[in-house]
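Residue numbers (UniProt numbering): 1 to 407. C-beta atoms are modelled at their ideal positions from N, C-alpha and C, and glycine is treated no differently. Everything numeric in this text was worked out from a predicted model, so none of it was measured. Notes for the one structure printed next.
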């Protein structure tokens with residue numbers, strides 16, 4: 001019986017077998033789970049969208065059938081990993097796009113300077129608008145603002161070739177068709193003055209995107225030297241030029257006799273030519289045969305460099321000519337004319353460069369000869385200088401009008 005019982009009762013052995021099988025199944029499940037996790041880790045290293053789709057759309061395999069939660073975890077992990085990695089890649093792109101979007105809004109100056117410098121100029125002008133307006137109101141009464149400016153190279157560096165005209169352009173205007181030209185070795189100072197004048201006429205702060213400012217910046221670039229400041233940087237260094245700088249410009253204008261031909265009109269608030277500024281004198285000056293000025297002047301005659309002497313002659317400025325006689329009396333014949341249309345310039349002859357007083361002597365340059373003349377005193381010298389300059393400008397303007405008429 002015992003043998004039968006032993007033979008007929010294999011249940012303990014079966015139970016053992018079942019438990020052993022169960023243990024083996026558990027080990028296999030653990031192995032499969034580890035294998036599944038390893039597969040998931042390998043899959044999560046890829047950042048392609050196909051990986052995410054594979055994770056989401058994969059059919060449940062025998063490896064993952066033991067736990068629905070595991071497969072769900074795989075799917076969630078794949079989605080999270082994909083979104084996180086996509087976010088990491090997209091962040092720099094968004095930053096770059098933002099930077100590129102901001103840069104065109106700020107604009108570039110001549111393709112070299114970005115938004116920071118433009119903003120710096122705009123902020124500087126905005127914060128100093130009232131100061132600039134007050135400065136310009138006083139400055140324009142002493143220093144005229146040129147109508148045109150051209151930067152050119154010279155042996156002494158860059159120069160500014162400035163052109164001035166009369167805005168009124170009356171009937172007897174001296175500069176309706178022509179310009180008073182000046183060459184200055186201080187181009188940076190003139191550009192600064194022109195910018196301040198533009199700002200004083202504007203009700204809003206200017207910035208480097210404005211076309212008028214861009215033109216000034218272009219002029220500035222032509223004067224650039226290595227290591228020098230950019231346009232925006234230089235314009236924000238000082239709100240207004242120093243007094244000594246303005247004085248130097250005024251001295252230069254005096255040397256080229258600008259103030260003989262132009263004067264500031266309080267009524268117009270602008271610089272007008274002599275004729276437009278003095279309409280009562282214009283009719284007298286333009287009378288046929290009526291001399292603008294006449295009197296005795298001394299002419300310097302130089303036979304040798306070490307022998308110089310002055311000879312008194314009688315001069316008459318009328319029409320398009322400066323006439324002078326060999327004698328001291330206006331009744332003497334033998335007039336020698338100087339054609340005003342051929343006069344290139346009239347300059348002051350000072351004893352010393354440091355002498356800023358009114359001179360007595362001046363020099364007239366024509367295309368073939370020069371004349372050095374001296375008046376009785378400084379007052380008469382100033383009168384002669386102004387009248388000659390006005391007459392020369394009038395002759396040039398007349399020629400320009402005739403040329404325009406013929407065209």
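With 16 other Cβ atoms within 10 Å as the buried cut-off, status of residue i
{"i": "residue 402", "result": "exposed"}
{"i": "residue 232", "result": "buried"}
{"i": "residue 343", "result": "buried"}
{"i": "residue 397", "result": "buried"}
{"i": "residue 346", "result": "buried"}
{"i": "residue 251", "result": "exposed"}
{"i": "residue 225", "result": "exposed"}
{"i": "residue 89", "result": "Because the pLDDT of residue 89 is 29, which lies under 50, any placement of that residue in the model is unreliable, and the number read from its coordinates should be weighed accordingly. By the neighbour-count rule (16 or more Cβ atoms within 10 Å), residue 89 is not buried but exposed."}
{"i": "residue 374", "result": "buried"}
{"i": "residue 243", "result": "exposed"}
{"i": "residue 154", "result": "exposed"}
{"i": "residue 181", "result": "exposed"}
{"i": "residue 230", "result": "buried"}
Option nearest residue i by Cα separation, candidates the options
{"i": "residue 156", "options": "131, 163 and 223", "result": "223"}
{"i": "residue 336", "options": "347, 321 and 163", "result": "321"}
{"i": "residue 164", "options": "137, 177, 400 and 360", "result": "177"}
{"i": "residue 218", "options": "237, 203 and 187", "result": "187"}
{"i": "residue 142", "options": "364, 253 and 377", "result": "253"}
{"i": "residue 135", "options": "201, 388, 221 and 367", "result": "201"}
{"i": "residue 128", "options": "228, 229, 237 and 230", "result": "237"}
{"i": "residue 417", "options": "388, 375, 193 and 379", "result": "Given that the chain is displayed from residue 1 to residue 407, the structure contains no residue 417 and the question cannot be resolved."}
{"i": "residue 220", "options": "189, 255 and 203", "result": "189"}
{"i": "residue 280", "options": "126, 170 and 133", "result": "170"}
{"i": "residue 360", "options": "369, 370 and 377", "result": "377"}
{"i": "residue 203", "options": "267, 133 and 266", "result": "133"}
Cβ shell of residue i (< 8 Å), same chain only, five flanking positions each side left out
{"i": "residue 270", "result": "167, 168 and 264"}
{"i": "residue 131", "result": "239 and 240"}
{"i": "residue 385", "result": "257, 260, 346, 348 and 362"}
{"i": "residue 399", "result": "341"}
{"i": "residue 137", "result": "200"}
{"i": "residue 370", "result": "363 and 364"}
{"i": "residue 262", "result": "144, 164, 166, 180, 271, 272, 273, 274 and 277"}
Residue i vs residue j beta-carbon contact at 8 Å
{"i": "residue 184", "j": "residue 159", "result": "yes"}
{"i": "residue 349", "j": "residue 372", "result": "yes"}
{"i": "residue 275", "j": "residue 172", "result": "yes"}
{"i": "residue 195", "j": "residue 235", "result": "yes"}
{"i": "residue 246", "j": "residue 139", "result": "yes"}
{"i": "residue 338", "j": "residue 366", "result": "yes"}
{"i": "residue 295", "j": "residue 324", "result": "no"}
Residues near residue i by beta carbon distance below 7 Å, same chain, minus five either side
{"i": "residue 391", "result": "292, 317 and 340"}
{"i": "residue 394", "result": "174"}
{"i": "residue 383", "result": "293"}
{"i": "residue 126", "result": "205"}
{"i": "residue 282", "result": "172 and 275"}
{"i": "residue 404", "result": "177"}
Own chain, CB closer than 6 Å to residue i, minus 5 neighbours either side, in chain order
{"i": "residue 249", "result": "143"}
{"i": "residue 191", "result": "216, 219 and 220"}
{"i": "residue 100", "result": "Note that residue 100 has pLDDT 35, beneath the 50 cutoff, so the model's placement of it is unreliable and no number is given."}
Residue i: CB within 7 Å of a non-hydrogen atom of the ligand FAD
{"i": "residue 120", "result": "No copy of the ligand FAD appears in this structure; indeed no ligand is present at all."}
Closer than 8 Å to chain B by CB, residue i
{"i": "residue 260", "result": "No chain B appears in this structure, which consists of one protein chain only."}
TODO: For the stretch 119 to 133 and the stretch 203 to 219, state whether three or more C-beta atom pairs, one from each stretch, are separated by less than 8 Å.
DONE: Judged by Cβ distances under 8 Å, the stretch 119 to 133 makes contact with the stretch 203 to 219, as three or more pairs qualify.
TODO: Count the C-beta pairs between the stretch 309 to 328 and the stretch 291 to 301 that are closer than 8 Å, then say yes if the count reaches three, no if not.
DONE: With a cut-off of 8 Å, the stretch 291 to 301 and the stretch 309 to 328 count as touching, because enough Cβ pairs lie within range.
- [ ] Please determine if the stretch 211 to 225 and the stretch 131 to 148 are in contact, where contact requires at least 3 C-beta pairs separated by less than 8 Å.
- [x] No: the two stretches stay apart, fewer than three of their Cβ pairs being nearer than 8 Å.
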